[in-house]
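Going line by line, the protein sequences match chains B and L.
Its first residue numbered 1, the first sequence is counted upward by one per residue in the working numbering.
Its first residue numbered 1001, the second sequence is counted upward by one per residue in the working numbering.
Virtual Cβ for every residue (Gly too), placed ideally from N, Cα, C.
I have placed the structure first, in the form of structure tokens, so that the comments after it can refer back to it.
2 protein chains.
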Amino acid sequence: MSKDTDTPNLTPSNEDSKTTMTQDTVTFALAQSHFLVGDITTNAEKMRTLALQARKQGADVIIFPELALLGYPPQDLLLRPSLSGRIKSALSTLSDIEDIVMIVGYPHVDHHGTFNSAAILHNGHQKGFYHKQFLPNYGVFDERRYFDKGRNQVLFDYKGITIGLLICEDLWEKNLTAELKQQGADLIVSLNASPFELKKQDARKTMLAKRSREHKLPIIYVNAVGGQDDLVFDGGSMAVQADGTIAHEAPRFMNQLMLASLNVNTLKFNTQVKAPLSLSRESEMYQALVVGLRDYVNNSGFTGVIIGLSGGIDSALTLCIAVDALGADKVYAVMMPYEYTSKISLEDAQAQARRLNVSYTVCPIFDAVEGIRHTLAPLFNKSPADTTEENIQARARGVILMALSNKFGHLVITTGNKSELAVGYSTLYGDMAGGFDVLKDVYKTQVYDLASYRNRLEDTPVIPERVITRPPSAELRPDQKDQDSLPDYEVLDGILKLYVDEDMGYQDIIDKGFDAEVIAKIITMVDNSEYKRSQAPIGTKISHKAFGRERRYPLVNKWSVKG
Amino acid sequence: MSKDTDTPNLTPSNEDSKTTMTQDTVTFALAQSHFLVGDITTNAEKMRTLALQARKQGADVIIFPELALLGYPPQDLLLRPSLSGRIKSALSTLSDIEDIVMIVGYPHVDHHGTFNSAAILHNGHQKGFYHKQFLPNYGVFDERRYFDKGRNQVLFDYKGITIGLLICEDLWEKNLTAELKQQGADLIVSLNASPFELKKQDARKTMLAKRSREHKLPIIYVNAVGGQDDLVFDGGSMAVQADGTIAHEAPRFMNQLMLASLNVNTLKFNTQVKAPLSLSRESEMYQALVVGLRDYVNNSGFTGVIIGLSGGIDSALTLCIAVDALGADKVYAVMMPYEYTSKISLEDAQAQARRLNVSYTVCPIFDAVEGIRHTLAPLFNKSPADTTEENIQARARGVILMALSNKFGHLVITTGNKSELAVGYSTLYGDMAGGFDVLKDVYKTQVYDLASYRNRLEDTPVIPERVITRPPSAELRPDQKDQDSLPDYEVLDGILKLYVDEDMGYQDIIDKGFDAEVIAKIITMVDNSEYKRSQAPIGTKISHKAFGRERRYPLVNKWSVKG
């Protein structure tokens, strides 16, 4: 064992207090649970409750997710001078929990720095701690802004097995697992706050299988769950055998106290009676959107949400997600027709609202638009109509929805999709006005997939078929269609996925078979819309690269399209 | 000399090409210039022009700021796969410049990683490069998101002196200068992109004096200049003697090709005939705001700006800054009175506009507000008036300004100050609607200081005295005053500076002598306004901690005020 390795031994001196069962197995409780950012006291209370519950169910060790005591990601709360005191005081409230080892994710502050750490608590004592060594500083992660790098492996002995600790990114880097194995680990325990993105659980499974097989080591992987601003933690905690097979897998997107028992002789986990269903791509996307909205609304203390229905597919899908997230009684739909609103839009909006049983109000905006246009008339001096007049309609709707929000206290949620937001096909302070954009990271083609998916879940479709099949339109001028200004969504999304999600350039995208002129036009639209996105509401990340903290571009940006 | 040190020797073999002067002195050109983010081709052309100009003026070496070839901060442009090719191609266009050494800040991409680097170019060859070793990842900086850490010192010999290279943060860390001295450096050359904040130039001077004295080394410090989104680079490049005195100092906030000659025998710089005036605190603040707005507007391609005048001090000061930044012919002022607009507000707005000779339009918003209220009436069902009705007025103004912007192509600039933005005393999509918030990082008490400062610059005040002395009001209801909802601005700003700029907590602020109840109220207001700020326009950073990329807080944040 290297000298920079801490190895507390937690084996209780009095073995009588345990049943004979514990001589052959150690039972771990994987506390896949939602911990609120900043709410240290409540998080500690939740840990206490879960620990007592786990102990009652026979657990020897309970493992909480990464940084669970403070919530993840805490961002600049980590710079607060009072952090250290609050954390110490919270940890001390856990010191009277006996007969179960608690492995607690928390920020550790001492004279060496601030660390992303795991504390080992047992019978009133902090037996040791581990500091995360690989600090992600890419994508949505800014960990090197806050944390110092841990430099030591930490292993501890418990009931005859040696447990090595890792935190999130540590496990994705192969070296640390190898070193823990070398230093005698029988089992790896990994604390995580791994945000959802499409196919992420598959990637985790692949990595876990690889790591465990490489070193013939069982691994416990505990993930956080729940929404925090634009991120959703999707759970899916696992206990993985040394041969890479999954012994236990917790359900996705929900709290679960999952038990996994390890035979100390064979170092094999008992196996789950019934594994959770693997989720289809649409299903995991949809659930992420539901959880992201639910937790943002509830944890912000709003009593409900207001949504402007247009009769189109984006607002139809957003309405479904809102109802699934919050319940129909907390969703207020408002249809705001104007001159260019078609009859079928009115019919379809009403049909959706009725089918989902939400409050539905029709509020024609003629007077608002007329008042604004009348105010502007002397300044516009009969100049011909252009997009200005379209934006006025969108902004009149934004003002109405915000007024309803101010008056009745519900949150305005917006319905813009990723394709629109990418090319700026939306009105700032108009349809972009609101606190949460449910489909912000969902491309239009995925909106269609999700609408069909949601319809398939019930005998009677919740979204009228006509909404899905009619050509999309913003209905801001006579006979307007999205495809008057944009290429077909299949093409648009194809280019956007390469340019936005993959960071490819003009020439690379041409090489993928798209039309050069269309590519140049789309890239220019994306770059020119950076200022709009900088003022957009947040929305749930589901892709590999979501607009927002994950994609940081200058507003003044002279990067040329073609290089 | 340690083995991990690169020391190209650039002394020309044919000394005849130089005058006898060069045997005793080496002349450095400090190219304090504005380089545009992303515009690699234009930046290279600018480097060529400056190098030829410097050579003509007798310079042996020209030094450009940190990352000048790409502009700073390039953010996620650094992740573009085509970056490396574009940079190589731009560097090759500089290879035909002879008889002057060019030290070029650029991003270096190779199979070892991506580095924040300085290239040494001479007579068509790249003689060497240095990779920045200390990568700031705090405040506005995210350098570890993009760059790998350099690990080698780089020195090069030229005309008998040994020059050690450093980039920005490297110089603030004492060790690297010490190592360069130990390895034989006669002079340190430092490339910087150091953003303005109040008193930053004083801090740089203190640091430079300390570093040079510690090691008895002359230092050349070249800084960038100009605005990029929320940052302003303020120049103030310097040549510092080995005894810590300043031999040359470039003016702040403007392009300057400054020459400094070093005697190779005494290692002393010649001294400047006349040093630039040291700027007062108000003066540097004001200039930063002017440059930040000017470069954002011009580099975004807007033909002018529209500003809503209220008759109050914030819009009055913003108007002055806009006129100083862009010229009166590019500034369009609009006064949008409503029921609660006082006669003196109308008079004062008109007086300011006339005095500054800008386009001035009065556009009463009665019709717009009436239209919106009429639209809402059936839904509001005679509920009593509250802040909803105030927000409607603010939003009607936002819609009018945005419509003028859409129709005529000017940028809407907003006038909210840091105190308002901190506590959320502003309307999202109302007075917060626009592309650039000139006073975003200026506390209300500083707004008063700047208004007085600007008035003192001319015989006739540009801001009517009455605007400065009357009690501030949003004029959104009868007889409203800011101090109905907020403590006195002296108190408010006092608390905000501790809470926002210094990250202090409740108890610490009590210890500073403020009232506990007021502190709790203010902290709660700041925390609850995070969602508003997340959708606010950008504005020039002037403080130690500006809202925006420098202060990253969760929107859902359960951190309790009192802990």
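Same chain, Cβ closer than 7 Å to residue i, five either side skipped, listed in chain order
{"i": "residue 1324(L)", "result": "1290"}
{"i": "residue 1020(L)", "result": "Its pLDDT being 42, under 50, residue 1020(L) is placed unreliably in this model, and the value from its coordinates should be taken loosely. Answer for residue 1020(L): no residue qualifies."}
{"i": "residue 545(B)", "result": "500, 501, 551"}
{"i": "residue 33(B)", "result": "46, 50, 225, 255"}
{"i": "residue 1078(L)", "result": "1107, 1114, 1146"}
{"i": "residue 528(B)", "result": "424"}
Alpha-carbon to alpha-carbon, residue j and residue i
{"i": "residue 1237(L)", "j": "residue 1191(L)", "result": "10 Å"}
{"i": "residue 1441(L)", "j": "residue 1413(L)", "result": "14 Å"}
{"i": "residue 72(B)", "j": "residue 278(B)", "result": "26 Å"}
{"i": "residue 1131(L)", "j": "residue 1365(L)", "result": "58 Å"}
{"i": "residue 1040(L)", "j": "residue 101(B)", "result": "57 Å"}
{"i": "residue 98(B)", "j": "residue 216(B)", "result": "32 Å"}
{"i": "residue 330(B)", "j": "residue 228(B)", "result": "20 Å"}
{"i": "residue 394(B)", "j": "residue 1119(L)", "result": "51 Å"}
{"i": "residue 160(B)", "j": "residue 264(B)", "result": "7 Å"}
{"i": "residue 1467(L)", "j": "residue 396(B)", "result": "32 Å"}
{"i": "residue 504(B)", "j": "residue 1083(L)", "result": "11 Å"}
{"i": "residue 1470(L)", "j": "residue 80(B)", "result": "38 Å"}
{"i": "residue 1492(L)", "j": "residue 1388(L)", "result": "25 Å"}
{"i": "residue 306(B)", "j": "residue 543(B)", "result": "26 Å"}
{"i": "residue 1231(L)", "j": "residue 1288(L)", "result": "9 Å"}
{"i": "residue 1124(L)", "j": "residue 1068(L)", "result": "19 Å"}
{"i": "residue 142(B)", "j": "residue 1465(L)", "result": "47 Å"}
{"i": "residue 1435(L)", "j": "residue 1133(L)", "result": "36 Å"}
{"i": "residue 1484(L)", "j": "residue 318(B)", "result": "40 Å"}
{"i": "residue 507(B)", "j": "residue 197(B)", "result": "28 Å"}
Test: residue i CB closer than 7 Å to a CB of chain B
{"i": "residue 1082(L)", "result": "yes"}
{"i": "residue 1061(L)", "result": "no"}
{"i": "residue 1388(L)", "result": "yes"}
{"i": "residue 1480(L)", "result": "no"}
{"i": "residue 1392(L)", "result": "yes"}
{"i": "residue 1145(L)", "result": "yes"}
{"i": "residue 1505(L)", "result": "yes"}
Chain B contact residues for residue i, given Cβ-Cβ distances below 8 Å
{"i": "residue 1553(L)", "result": "75, 76, 77"}
{"i": "residue 1374(L)", "result": "367, 368, 371"}
Cutoff 7 Å: residue i Cβ touching any chain L Cβ
{"i": "residue 368(B)", "result": "yes"}
{"i": "residue 535(B)", "result": "yes"}
{"i": "residue 237(B)", "result": "no"}
{"i": "residue 298(B)", "result": "no"}
{"i": "residue 573(B)", "result": "This structure cannot settle anything about residue 573(B), because the visible part of chain B is limited to 1 through 563."}
{"i": "residue 435(B)", "result": "yes"}
{"i": "residue 38(B)", "result": "yes"}
Residue i - partner residues in DSSP beta bridges
{"i": "residue 257(B)", "result": "31(B)"}
{"i": "residue 1238(L)", "result": "1221(L), 1249(L)"}
{"i": "residue 119(B)", "result": "104(B), 129(B)"}
{"i": "residue 1228(L)", "result": "1231(L)"}
{"i": "residue 1268(L)", "result": "1263(L)"}
{"i": "residue 1190(L)", "result": "1166(L), 1221(L)"}
{"i": "residue 436(B)", "result": "413(B), 538(B)"}
{"i": "residue 405(B)", "result": "Residue 405(B) pairs with nothing; no bridge assigned."}
Close beta carbons around residue i, own chain, < 6 Å, minus the five adjacent residues each side
{"i": "residue 398(B)", "result": "429, 430, 433"}
{"i": "residue 247(B)", "result": "239, 241, 269, 271"}
Under 7 Å by beta carbon: chain B residues contacting residue i
{"i": "residue 1172(L)", "result": "The contacting residues do not exist; residue 1172(L) stays about 17 Å from chain B at best."}
{"i": "residue 1546(L)", "result": "Per Cβ cutoff of 7 Å: no residues; residue 1546(L) is ~13 Å from chain B at best."}
Partner residues on chain L for residue i, Cβ-Cβ distance less than 8 Å
{"i": "residue 402(B)", "result": "1391, 1395, 1428, 1429"}
{"i": "residue 363(B)", "result": "1375, 1376, 1378, 1379"}
{"i": "residue 399(B)", "result": "1372, 1392, 1395, 1396, 1399, 1429"}
Same chain only: Cβ atoms within 8 Å of residue i, ignoring 5 sequence neighbours per side
{"i": "residue 214(B)", "result": "174, 177, 178"}
{"i": "residue 1416(L)", "result": "1314, 1426, 1431, 1432, 1437, 1439, 1440, 1536"}
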